[in-house]
Amino acid sequence: MQKKEFKSESKRLMDLMVHSIYTHKEIFLRELISNASDAIDKVYYKTLTDTDKTFNKEDYYIRITPDKEKRILVIEDTGIGMTEQELEDNLGTIAKSGSLDFKKGQEMDEEFDIIGQFGVGFYSAFMVADKVTVETKAVDSETAYCWVSEGTDGYTIEASQKEGHGTKITLEIKANTEDNEYDEYLESYRLRQLVEHYSNYIRYPIKMLSEKTRLKEGSDPENPEYESYQEDEVLNSMVPIWRKNKNELTEEDYKNFYHEKRFGYEEPLGYMHMNIEGMLSYKAILYIPGNAPYDYYSRDYEKGLELFSNGVLIMEKCGELLPDYFSFVKGVVDSEDLSLNISREMLQQDRQLKMISKKIDSKIAEELKKMLEDDREKYEKFFAAFGNQLKVGTYDNWGQNKDKLQDFLLFYSSKEEKLVTLKEYTDRMPEDQKYIYYASGLSVESLDKLPQVSIIKDKGYELLYLTDHIDEFVIQMIRTYADKEFRNVSSDDLGLDESEESKKDQTLTKDEEAMMDEMKSLIGEEVVKVKTTTHLKDDAAYLSTEGDLSIEMEKTLNVMGTGEQAKAKKVLEINKNHPVYEKLKGFYNQDQEQFKLYTQVLYNQARLIAGLPIEDVVSFTQNISKLM
Numbered sequence: 006m007q008k009k010e011f012k013s014e015s016k017r018l019m020d021l022m023v024h025s026i027y028t029h030k031e032i033f034l035r036e037l038i039s040n041a042s043d044a045i046d047k048v049y050y051k052t053l054t055d056t057d058k059t060f061n062k063e064d065y066y067i068r069i070t071p072d073k074e075k076r077i078l079v080i081e082d083t084g085i086g087m088t089e090q091e092l093e094d095n096l097g098t099i100a101k102s103g104s105l106d107f108k109k110g111q112e113m114d115e116e117f118d119i120i121g122q123f124g125v126g127f128y129s130a131f132m133v134a135d136k137v138t139v140e141t142k143a144v145d146s147e148t149a150y151c152w153v154s155e156g157t158d159g160y161t162i163e164a165s166q167k168e169g170h171g172t173k174i175t176l177e178i179k180a181n182t183e184d185n186e187y188d189e190y191l192e193s194y195r196l197r198q199l200v201e202h203y204s205n206y207i208r209y210p211i212k213m214l215s216e217k218t219r220l221k222e223g224s225d226p227e228n229p230e231y232e233s234y235q236e237d238e239v240l241n242s243m244v245p246i247w248r249k250n251k252n253e254l255t256e257e258d259y260k261n262f263y264h265e266k267r268f269g270y271e272e273p274l275g276y277m278h279m280n281i282e283g284m285l286s287y288k289a290i291l292y293i294p295g296n297a298p299y300d301y302y303s304r305d306y307e308k309g310l311e312l313f314s315n316g317v318l319i320m321e322k323c324g325e326l327l328p329d330y331f332s333f334v335k336g337v338v339d340s341e342d343l344s345l346n347i348s349r350e351m352l353q354q355d356r357q358l359k360m361i362s363k364k365i366d367s368k369i370a371e372e373l374k375k376m377l378e379d380d381r382e383k384y385e386k387f388f389a390a391f392g393n394q395l396k397v398g399t400y401d402n403w404g405q406n407k408d409k410l411q412d413f414l415l416f417y418s419s420k421e422e423k424l425v426t427l428k429e430y431t432d433r434m435p436e437d438q439k440y441i442y443y444a445s446g447l448s449v450e451s452l453d454k455l456p457q458v459s460i461i462k463d464k465g466y467e468l469l470y471l472t473d474h475i476d477e478f479v480i481q482m483i484r485t486y487a488d489k490e491f492r493n494v495s496s497d498d499l500g501l502d503e504s505e506e507s508k509k510d511q512t513l514t515k516d517e518e519a520m521m522d523e524m525k526s527l528i529g530e531e532v533v534k535v536k537t538t539t540h541l542k543d544d545a546a547y548l549s550t551e552g553d554l555s556i557e558m559e560k561t562l563n564v565m566g567t568g569e570q571a572k573a574k575k576v577l578e579i580n581k582n583h584p585v586y587e588k589l590k591g592f593y594n595q596d597q598e599q600f601k602l603y604t605q606v607l608y609n610q611a612r613l614i615a616g617l618p619i620e621d622v623v624s625f626t627q628n629i630s631k632l633m
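Right under this line is the structure:
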């Protein structure tokens, strides 16, 4: 029997198949099972075109048989089989696809799916096997043939004996090495795992003999004896839930699938079942989880949906299918139209992914909007888990998605004392209110006590309390909503209409202006100016800011450690109606030491109210003691 050389260029190409194309060695089982499924599909197609033949699905299956002692793994099918010429053409020529030729030769309908169309999947067997034997018998043929190869040296083909049509592939598994544990491919539990992971939705049963135990016949009930026996076990579920019609499925079915896939330990808050037909057809089931994974807000978290091609897992986490702001979504996508690369581990056309991603993006937004409008309690639970991700998405990429995401954001309302949307806030704004007012700080309780907050509340206006460190960055990016600008209550210009009497109260004498300048000089570069205000009631002073950088943003940026210290342009505002102001004027003209003392104490008090540290705590306490 003469050994034949492979018809492709090459030893080098075979080496590439075995060592470079596939990322994980375990993929070989997925490839061989997919080829076996194709072989059965071909029989099925022949029965559709040949009226003399019938297709009884129970007669068609794929079987896996490991043998630890002999170190062999067998994958066999009851498919179409191959003639001698087909063996020569399909296995003697690397990268020639018998499935693709069959599809073209039969002028098959595009809707009829054949998984393997590249002709390289078979050679992945050499990643785990020293020797591969293929015994095959074609439908309607009396003769079987045996193909044997030990790799790049070539192959042999000879006639053999085989009952029934189909193909039996025997892999002589490699010995373990320091880097690779090949024994795992002879373990039943591991083979079961691989089938469930990659080939669970192959449409034909994948069988394997399983060890069982039963009560021995005639055994004494008081001293029972048990015996072992082997029984066929079907390893795959065959029909994926996403291929079923929605009206066939219950809410319980969707929840069970969510837990089977281990997408989360709590109940999902929502699910979406998509069935898209067109130039690019695909099916998908997507979930909004009930909780955030422990690593969700860390760099270790990897987003993505499980991507299948005709029921075969291609990618465990296809990140391109989800935008970052919806990275919390879990689920599966299955398409028969994907243009895969040669190893079926990646896609060749980004355009296809973009088309699917765009539809998924819209579907998720639609589901969130429905939840927000119809089930506020559930939405608030979702927002507690993933709201920060929506906020990041609002200002990420220079705010290009802010218009899409801003209506999903929730902020605490000073008036409603609960979370509200921006729309809910603006819908109830009084006609004379020019701005959307907000205060930023650590907690609702602390913000509610701020002197500048009372100014806005006294006008009868509602405030949004921003208590997450990223909230103010989000507001700065949105800038306006419903044609209303946002205004920080810490701004030195609150945009309030002043009465003539109030404007008169704000007028300073030259002596008072000089006093403000002197206070600025005593405080130094920590403030850009000192001015008076008539809006405060009980507080003597507070810090406001000029420009876009607020005190809270300064704190956040400095904690982030960007390399440079951020510094807001702080303004010390003194309550002109407070008794302290009169004392200040008296000390300014008569006692410079007391004037300096009051200035320092007022400034440090304002820092404390703003949540800023006091650089010299000892001096501050000494100054308080002097006043006492």
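All you need for my numbering is the position in the sequence shown, starting with 1, plus 5. For every residue, glycine included, the Cβ atom is placed at its ideal position computed from N, Cα and C. All values reported here derive from a predicted model rather than from experimental measurement.
Here N61 is exposed, its C-beta having fewer than 16 other C-beta atoms within 10 Å. Contact annotation: A444 and Y470 have beta-carbon atoms nearer than 9 angstroms. In the DSSP secondary-structure assignment, N280 is bridged to K288. In this structure, V137 is the residue among E192, E282, G156 and V137 with its C-alpha nearest to the C-alpha of T172.
In the structure shown, L554 adopts coil according to DSSP, grouped into three states. Between the alpha carbons of K601 and V533 lies a distance of about 18 angstroms.
The beta-carbon separation of M482 and Y400, rounded to 4 angstroms, stays under the 8 angstroms limit for a contact. Note on G336: 16 or more other CB atoms within 10 angstroms of its CB, so buried under the neighbour-count rule. Annotation for S340: Y287 place their beta carbon closer than 6 angstroms to its own, counting only its chain and skipping 5 residues before and after. Leaving aside the five residues that flank L78 on each side, the residues in its chain whose CB is nearer than 7 angstroms to its CB run, in chain order, P71, L176, I178, Y190 and L191. Taking a contact as a CB-CB distance under 8 angstroms, the pair E477 and M558 counts as one, their CB atoms being some 5 angstroms apart. Per the Cβ contact rule, the stretch 214-228 is not in contact with the stretch 77-91 (fewer than 3 Cβ pairs under 8 angstroms).
A straight-line Cα-Cα distance of about 39 angstroms links D453 and E307. For L377, the CB contacts under 6 angstroms within the same chain, skipping 5 residues up- and downstream, are Y384 in chain order. Here the alpha carbons of I69 and I45 stand approximately 15 angstroms from one another.
The C-beta distance from F391 to A297 rounds to 6 angstroms, short enough to fall under 8 angstroms.
In this structure, F416 and L424 form a Cβ contact; the two beta carbons are roughly 7 angstroms apart against a cut-off of 8 angstroms. Annotation: A164 to V139 spans about 12 angstroms, alpha carbon to alpha carbon.
Distance from the CA atom of R492 to the CA atom of K439, rounded to whole angstroms, is 9 angstroms.
Taking C-beta atoms under 8 angstroms as the contact rule, Y66 and P210 qualify, at a distance of about 5 angstroms.
Sixteen is the threshold: since fewer than 16 other Cβ atoms of the shown chains lie within 10 Å of the Cβ of N402, the residue is exposed. By the neighbour-count definition (other C-beta atoms within 10 Å, threshold 16), M132 is a buried residue. Inter-residue distance for I369 and S418 is about 27 angstroms (C-alpha atoms, whole angstroms). Under the criterion of beta carbons closer than 8 angstroms, V494 and Y442 qualify as touching, at roughly 6 angstroms. Residue state for K536 is assigned as strand, using DSSP reduced to three classes.
Exposure of M565 is indicated by the presence of fewer than 16 other C-beta atoms within 10 angstroms of its C-beta. Between L285 and C323, the gap from beta carbon to beta carbon reaches 9 angstroms or more. L274 and G295 have their C-alpha atoms spaced approximately 5 angstroms apart. The Cβ atoms of V244 and Y206 sit closer than 9 angstroms to each other.
Under the 8 angstroms Cβ criterion, the stretch 150-169 does not count as touching the stretch 184-204, having fewer than three qualifying pairs. It is roughly 5 angstroms from the alpha-carbon of I174 to the alpha-carbon of I80. Nearest neighbour of H170 by Cα position, chosen from E31, L447 and K142, turns out to be K142.
From the listed residues E551, A611, L589 and I32, the smallest Cα separation to S204 is found for I32. Beta-carbon to beta-carbon, P328 and D300 are separated by about 19 angstroms, too far to satisfy the 8 angstroms threshold. In this structure, G500 sits away from I556, with a CB-CB distance that is not shorter than 9 angstroms.
Boundaries of the alpha helix (DSSP H) around V606: Q597 to I614.
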